[in-house]
Amino acid sequence: MPDTHPNSVVVHSLKPDIAANPIYPALARATLFELHSNLLNLLGKGLSQQPGPKNLVVVGPGSEALPFSENIEVVTTLLNGGNLILLDYNPDICALLPAYLESKGFALRFNITRSQNDNLIDPSGLHNTIVIKQWNIANGFPFPDSSIDAIDMTVSMHHVTPYTSDISDLFRQARKPLKPGAVLHLGEGDVDMKYSERKINKLASDMLDARVRGVWISDARNADSPPRQWHIGNETAEVAMKVSPTGMVSIHHADVETVSSHLLKSHYKQMHLGDETIVLPLIDHAMEEDFQNLIVPVRAYYEAIAELCLQHLDPSYHTEFSKALFKEQSDAVRGIVEYYSSPATLCDALITTGFKIDEIRHTINGPFVNILSINQ
Ligand SMILES: C[S@@+](CC[C@H](N)C(=O)[O-])C[C@H]1O[C@@H](n2cnc3c(N)ncnc32)[C@H](O)[C@@H]1O
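For the sequence shown, the residue numbers in my numbering are 1 to 376.
Right, dumping it as structure tokens:
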């Protein structure tokens, strides 16, 4: 009998993800072609180091498992008789994958199955098999230790790890099923959106400077999980600071006058004062620091994506794409939804958790980065 994964949970609520939008595959083809081609190339390089069949895990394949589904020959060579395991937390995406892979001829070469329970997948007894499993990677990796040769997380990791401290936890979890010398590939947006998390902590520490003893923070920006809570300063905090799903901060304190005048002196701009409450935007476009450190890079990131779409996306998709992009960008400049980390942050976390960086590739076409690392 296979073991049951100890942390398995059923996901009931999902935040909207652009991969669930039917336009996503066209969008991905128009914008991620270089990231995807680097992905296949780097996996080939990483997996060619050792002989034998390979077990490759793809976290967050999306409904068409790009670029794997379009490269059956490359996949066959990469796996060399081994197995491809596709993990996605979205049940609708998992339901679409088998038929799509069949339409691309994969059923002629591979046994395509769905794993419908919470058991670990043990690839040691499988050959030329594609396993599709609905799984939230925040709960760890559902495989025996040292059973996997490569894990790919292409534009999926930032959905799993809104907070910087989660990144190392995720990489530590990823190491468990990886064999020594196995590879972890990350494909991510080449932009630092973790500024919003730093801004929450900065706002709390700026209040400590106003002789506040401690601040309890509750961050409800992520629809996927209950509000994240932590404190800064003394645990017997006198200030409660809540970040709402729309990126507004409310600060509760008996002496609104003192706290607000201190914040104004510390260059905070937009603020609404109520009875024992101060309300302000987490990211304030009127604050030079927020503007330069988040709004400018986020705009540049989405402008580069828009340019790729204008060049490569069929015009019949342009209206739908503009709507999706506008929504994502306006959320990102408010510090909500997308949480890309800088490549430096990712590499630091990889190194401290026991990976060696093999190669970092910044795409020429678009604002993306591929990072190939080796489990030491
Ligand atoms: C933007 S898509 C990327 C699709 C594909 N990897 C590509 O390169 O085009 C992100 C995928 O990650 C999945 N995903 C997001 N968070 C996840 C999680 N915590 N566990 C598993 N899958 C997740 C989403 O459902 C979605 O299919």
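The beta-carbon is built from N, C-alpha and C at its ideal position, and this holds for glycine as well.
query                                                                                                                              : result
Beta carbon of I148 nearer than 7 angstroms to that of L86                                                                         : no
For A324 and D331, the rounded distance between their alpha carbons                                                                : 11 angstroms
For L186, the first and last residue of its enclosing beta strand (DSSP E)                                                         : 178-189
Candidates K194, Q229, D224, E235, of which the one nearest R213 by Cα                                                             : E235
Between the CA atoms of H158 and S342 - distance to the nearest angstrom                                                           : 11 angstroms
Collapsed DSSP secondary structure at I295 in the structure displayed                                                              : helix
Residue span of the beta strand (DSSP E) that contains N139, given as start and end                                                : Segment: none, N139 is in no beta strand (DSSP E) and carries neither H nor E.
When F68, Q116, S196, R221 are compared against P91, the one with the closest alpha-carbon                                         : Q116
Straight-line gap, H127 to G81 (C-alpha atoms, nearest Å)                                                                          : 6 angstroms
heavy atom of ligand 1 below 6 angstroms from N38 C-beta                                                                           : no
Closest by C-alpha distance to C347, when choosing among D358, L97, E64                                                            : D358
Inter-residue Cα distance where the pair is N55 and I112                                                                           : 14 angstroms
For N375, the three-state DSSP class (helix, strand or coil)                                                                       : strand
Chain-order list of residues whose beta-carbon lies under 8 angstroms from that of E289 (same chain, five-residue window excluded) : H267
Length of the line joining the Cα atoms of F141 and R114                                                                           : 16 angstroms
Environment of L108 [buried if 16+ CB atoms lie within 10 Å]                                                                       : exposed
Contact check, V259 vs A210, beta carbons under 7 angstroms                                                                        : yes
Residues bridged to Q270 [DSSP beta-bridge criterion]                                                                              : In the DSSP output, where bridge partners are listed per residue, Q270 has none listed.
R340 vs G189 beta-carbon contact at 7 angstroms                                                                                    : The displayed chain sequence assigns Tyr, not Arg, to residue 340. Yes, these two residues count as a Cβ contact at 7 angstroms.
Y302 Cβ short of 6 angstroms to ligand 1 heavy atom set                                                                            : no
DSSP state of Q134 mapped onto helix, strand, coil                                                                                 : strand
Exposure label - L372; buried when at least 16 CB within 10 Å                                                                      : buried
Beta strand (DSSP E) runs contained entirely in the segment 50-120, provided each spans 3 or more residues                         : 55-59, 83-88, 111-115
Sequence-distant residues of its chain with Cβ nearer than 8 angstroms to I23 (five each side left out)                            : Y317, E320, F321, A324
H159 Cβ short of 6 angstroms to ligand 1 heavy atom set                                                                            : yes
Check: N90 C-beta below 6 angstroms from any heavy atom of ligand 1                                                                : yes
Assigned secondary structure, E303 (DSSP; H/G/I helix, E/B strand, else coil)                                                      : helix
Ligand 1 heavy atom lying under 6 angstroms from the CB of S69                                                                     : no
Euclidean distance between Cα positions of T161 and V337                                                                           : 11 angstroms
In DSSP terms, what E359 is bridged to                                                                                             : L372
Distance cut-off 6 angstroms: I93 Cβ against heavy atoms of ligand 1                                                               : yes
Beta strand (DSSP E) segment containing L280, residue limits                                                                       : 277-281
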